[in-house]
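What follows is a short report on a single structure.
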Amino acid sequence: MKNYYNLFVYLFICLARLNAQECGFVDTENYQTYDQYHFNRSSANVDIHCINVCFRIVRDNNGANAAINPNIIPQVLSEMNSKFNPHGIYFNQVGTFDYINSTNYNNYLQGSSPANIPNCLNIYFIKNFNHNPSLGGIATFGTLRVTIKGIHATNDCTVSHEVGHALNLRHTFRCTSTANGFNASCAENPFNSVECHIRGDLVCDTPADYTTMGGNSNVNNPYGLNNYNPDKKNIMSYWIGKQHFSPGQGERMFSSITGAPELQSIRSYNCANVVGPSKICRSGRIDSYRVSVAPIGTPTYNWSVSGCLQIIGSSTNSSVNITRTLPSTSNSTISVTINGSIVKTKTIRTRCLFGVFRMAGLYDWVSKDYGDMGLIIPIDPEDEDLDDPVVKYMWEIHEQESEPTALNSENIKPYFVGALPNEKNIFTSSTNQAIVNWGNISKSYLITCHEITQSGEKYLISENYVDVGDPKNNPCFKNNIQSIIAPNPVRNGLINVIVQKPENTSPCNYKDLEQPQFFNSELDKVNNSITIFDYQGNEIYRNVFETNEFTIENVNLISGNNYVVNLFTNEGGFNQQVIIAE
Amino acid sequence: MKKIIILILFVSLGCSDSEDNSNGLMMNKIVGDWKLVGYYDDEEDPETGFNYHTVENGFETTFRQNKTFETTFIPSETYSGKFNIANDSILTFNYTITPSGISNPERFKILILNDNVLEYIAPGAIFGPQLRLERINNP
C-alpha cells in the first residue's frame, strides 16, 4: 500500500511538472481567474468526469441515533456538484442511501469501519468522532471513503473539503503549519513559488497559506505570517467561509481521476450527455456530436438517430457527424449506447423559423464614417431550448488576415460600442442587440454572432459580410438614384429638383423598417448634395438640401451653355444630369 | 462556630474564583514536562486507516506549578510565559517568543489530561489538528 502511495505521489509530481509553465503567480498574464476558468471549463468542447457516490448513514446498533436526516442528502449532493462541476467533475448518486447500524462506527472507534460499497465513493455520515469531538470530517486519497460528522454535513463545505482529499488534494497550508511548526523541507515560499509543484499543496495556483488553527503550528516560520496572501475562500484551506477550488486544484483532481488506478472503479457514464448543437436548421450542414464524459478505458459506442437526421460516416466512434435531411420534422433525436448498455439521448430541433438568422439593421454595404449602427438578432421563441437556454450572445468582427490594415492615428477600425478596449472587435451581450461602428477604413469584414447557452455550448446563428467603403462607391444606390430637374432649359436661374431614391428593400441592403430605432438617424435623414459644373469643369454651385424636393435659386448660368449637375446622397447614391440655360 | 467555618470557606472559594478562574485539579495535573508525539486531523493515514499521525522530534513543553511554561522548538525557538486552565478546560497561553520578542496569547480546549497524556485543540477547529503530548518527566 505504501508503495502505491509513493508511486502516486511521484505520478502527481510529474503531472504537476507538466504544468510547470503555469506555476507560480510570477506571470499574472497567464493566470486565469476563477470565472475565466469556469467559463472555459463549461465549454461544450471539454470532457467531464462522472463519479459515483454512495451516501451511507450510520446509526447505533439498535437503529437509533442516526447521524443525519436523509432529507438533507439532496442538499449535500447539490453543494458538491456546485463546487466540483466548474472543474468538470460531476457526481452521480448511486441508489438513494443505506443505513449502517454500528454504534462503534457511529463514534468512529478504530477498527470499526464498515466495508465500502464497491464502485462508488462512499460518503459516511456518523454522529461523532469519539476521540476528536471537534472534528468535522475525515478522508484521504485512495480509500474511496469519506467520513463526515452529521452536524457538519452542510456546514462550510466540509463534505467538499473531504471529497477533495479523496480526489487527491492536499491542504493549502501543507508543511507551513504543522503540529510541530514550520517544515522547511516542503513548505511553500510566499515570496517565490518556483517550486510550487513540489511544495505545499503541490498545486501552483494556490498561494502559500498557513492556518491559525494549530496553535504552535506556525513556529519557526522564517517568512512571517504578514507576508502571506492566502486564498481564504479556498475549500482545501482551514479558513472559515470556504467557497471554491482553484483551477489548478481542479486540474489535479481531473488528472487524478483520469489516471490514478485507485479512482478508476468509481468513474461512471451516468452523468454523461450527448453534446452538440441543440438545433440543426439547415439541410446540408454537418454537425458533430459526442459524449460529454471522458472515455473510461476503451468503451464501445453505437450511435443512432431518428426524425430527419442522418449519420455521416462511422456510427461507432466516440463522436458522430450528423446532417439534416428533407422533409424536416419538428424534433429529432440522437442516441448513443455506451458499452452496450448505457443509453444517452438528445432531442434537437430540426425545423426552425429561420436558418441562420440575418442581423436586422445590417447593410451589405456601409459608407465609412457611417457612425453607430444598431443590430438585432431575431429570436425564434420556438427555438429556445428550455433545458439549456441561451444566456448571452457573442458578436465578432473579423478582418481578412491577408490584408492587414496599417493603423495610424487617423484610421479607425470597426468596433463594438461598449466592448473592452483591448478587444474592441468582440462584444458579449446579455440581450440580442449590439451597436457597431464601422470606422473609416474601406474594407470587407465578416460579422458573426454566436449564441451561448447555459451549459456553455456555442452556436453560430448569424454571419454576414459587410463592405465598408467611400460613399460615392455605394453599389446599392449608385445606379438607382433618379432625379427630375425642371424646367430644362433652366429659366431665370431657378432649378427645381426632385430626388427619387430606391426603396429600402433593395437587394443590396437589408433593413427592417419595423425596427427604425436601431438605424442611424443621420443616415435616415434625406441629405442631398448638389454640385453644378460648367463644361470646362469649373464648379459654379454647391449646396446640401435636407429634403427630396428643393429649388436652387440665383444660379448664374450663361444663356445657351450646357452644365452638368451631380447629385450625391448621403447613402452613397450618385446621379448625373445635363442641363442647359435658356 | 459552624457558621464561621462556612463563611470562611465561602469567602475562600469566592476569592479563588475571582482571582484566576482556574481549574485547580487540571492545573496540578498538567505540571511537568511534555513532548508532542502526534496529532489528529481530517486526513486519514492510508496505512493505518486512522486519522492519527505521529510526529518525530516533537516540541517539548514544561508546565510549572507557578503557572509559567516554556516550550522549546527545534532548532532554536522558545515560547515562554504564563498559562492557565479555566473551569471550562480552556488552556490559555500568554507568551513571548525568543529570540523574536513577539508576544501572543493563545487558547485551546483540553480534551484529554491524565497522568500521561495531554490532548488539546483550538476552539472551533473542525478539521484539527488535535495535538497529543505525552509526559516525559514528572515534577
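Note that the protein sequences, when read in sequence, are chains A and B. Going by the working numbering, the first sequence opens with residue -10, and the numbers climb by one from there. Going by the working numbering, the second sequence opens with residue 51, and the numbers climb by one from there. Glycine is no exception: its CB is placed at the ideal position from the N, C-alpha and C atoms.
Inset, instruction - Leaving out five residues on either side along the sequence, give the residues of the same chain with a beta carbon under 6 Å from the beta carbon of residue 209 of chain A. - result: 170, 171
Inset, instruction - Rounded to whole angstroms, what's the CA-CA distance from residue 41 of chain A to residue 110 of chain A? Just pull it up for me. - result: 6 Å
Inset, instruction - Just the C-alpha distance for residue 471 of chain A and residue 413 of chain A, rounded to the nearest angstrom, thanks. - result: 39 Å
Inset, instruction - State the DSSP-derived secondary structure class of residue 94 of chain A, mapped to helix, strand or coil. - result: helix
Inset, instruction - Report the option in A:546, A:488, A:542, A:444 whose CA atom is closest to the CA atom of residue 565 of chain A. - result: A:488
Inset, instruction - Could you please give me the residues that DSSP links to residue 551 of chain A through a beta bridge? - result: A:569
Legend entry - Backbone CA spacing between residue 8 of chain A and residue 299 of chain A [nearest angstrom]: In this prediction, residue 8 of chain A scores a pLDDT of 33, lower than 50, which makes its location untrustworthy; the coordinate-derived value is nonetheless stated afterwards. Looking at the two C-alpha atoms, the distance is approximately 41 Å.
Inset, instruction - Kindly list the residues whose CB is nearer than 7 Å to the CB of residue 22 of chain A, restricted to its own chain and excluding five residues on each side of it in sequence; keep chain order. - result: Low confidence applies here, because residue 22 of chain A scores a pLDDT of 42, under 50, leaving its location unreliable and the question unanswered by this model.
Legend entry - Three-way DSSP call (helix, strand, coil) for residue 138 of chain A in this model: strand
Inset, instruction - Spell out a yes or no on whether the stretch 306 to 325 of chain A and the stretch 349 to 365 of chain A are touching, meaning 3 or more CB-CB pairs, one atom from each, closer than 8 Å. - result: no
Inset, instruction - Using a Cβ-Cβ cut-off of 7 Å, state whether residue 90 of chain B counts as contacting chain A. - result: yes
Inset, instruction - For the alpha helix (DSSP H) containing residue 165 of chain A, list its first residue and its last residue. - result: Counting along the chain, residue 165 of chain A falls outside any alpha helix (DSSP H), and DSSP gives it neither H nor E.
Legend entry - Integer-rounded CB distance, given that residue 529 of chain A should sit under 8 Å from residue 545 of chain A: 7 Å
Legend entry - Cutoff 7 Å: residue 123 of chain B Cβ touching any chain A Cβ: yes
Inset, instruction - Evaluate residue 542 of chain A with the Cβ neighbour count: other Cβ atoms within 10 Å of its Cβ, from every protein chain shown; 16 or more gives buried, anything less gives exposed. - result: exposed
Inset, instruction - With DSSP collapsed to three states, give me the class of residue 383 of chain A. - result: strand
Inset, instruction - Please name the residue, chosen from A:132, A:108, A:238, that lies closest to residue 159 of chain A on a Cα-to-Cα basis. - result: A:238
Legend entry - Same chain, Cβ closer than 6 Å to residue 83 of chain B, five either side skipped, listed in chain order: 112, 186, 187
Legend entry - Where residue 362 of chain A sits in the DSSP three-state scheme: strand
Legend entry - residue 50 of chain A classed as buried or exposed, judged by whether at least 16 other C-beta atoms fall within 10 angstroms: exposed
Legend entry - Assigned exposure category for residue 276 of chain A - 16 Cβ within 10 Å defines buried: buried
Legend entry - Same chain, Cβ closer than 7 Å to residue 124 of chain A, neighbours up to 5 away in sequence not counted: 118, 138
Inset, instruction - May I have the straight-line CA-CA distance separating residue 256 of chain A from residue 98 of chain B, to the nearest angstrom? - result: 26 Å
Inset, instruction - Per DSSP, which residues does residue 160 of chain B bridge with? Please list them. - result: B:170
Inset, instruction - Quick one: residues in its chain with C-beta nearer than 6 Å to the C-beta of residue 163 of chain A, no 5 flanking neighbours on either side, listed in chain order? - result: 189, 190
Inset, instruction - Could you name the residues of the same chain whose beta carbon sits closer than 6 Å to that of residue 44 of chain A, not counting the 5 residues immediately before and after it, in chain order? - result: 62, 86, 112
Legend entry - Ordered list of alpha helix (DSSP H) runs contained in the stretch 204 to 229 of chain A, each at least 4 residues: none
Legend entry - CB of residue 281 of chain A within 7 Å of CB of residue 262 of chain A, strictly: yes
Legend entry - Spatial distance of residue 351 of chain A from residue 80 of chain A (CA atoms): 46 Å
Legend entry - Contact belief for residue 400 of chain A with residue 426 of chain A at Cβ below 8 Å, rounded distance in angstroms: Contact doesn't hold; Cβ gap of about 13 Å is too wide.
Inset, instruction - Note the first and the last residue of the continuous beta strand (DSSP E) segment covering residue 483 of chain A. - result: 483 to 489
Legend entry - Short Cβ contact (7 Å threshold) for residue 581 of chain A with residue 454 of chain A: No answer is possible for residue 581 of chain A: it lies beyond the span of chain A, which begins at -10 and ends at 571.
Legend entry - Closer than 9 Å at the beta carbon, the chain B residues around residue 102 of chain A: 99
Inset, instruction - Say whether the stretch 299 to 314 of chain A touches the stretch 90 to 105 of chain A, bearing in mind that this needs 3 or more beta-carbon pairs closer than 8 Å, one atom from each stretch. - result: no
Legend entry - Sequence-distant residues of its chain with Cβ nearer than 8 Å to residue 242 of chain A (five each side left out): 73, 76, 78, 153, 156, 157, 158, 234
Legend entry - residue 251 of chain A - DSSP class collapsed to helix/strand/coil: helix
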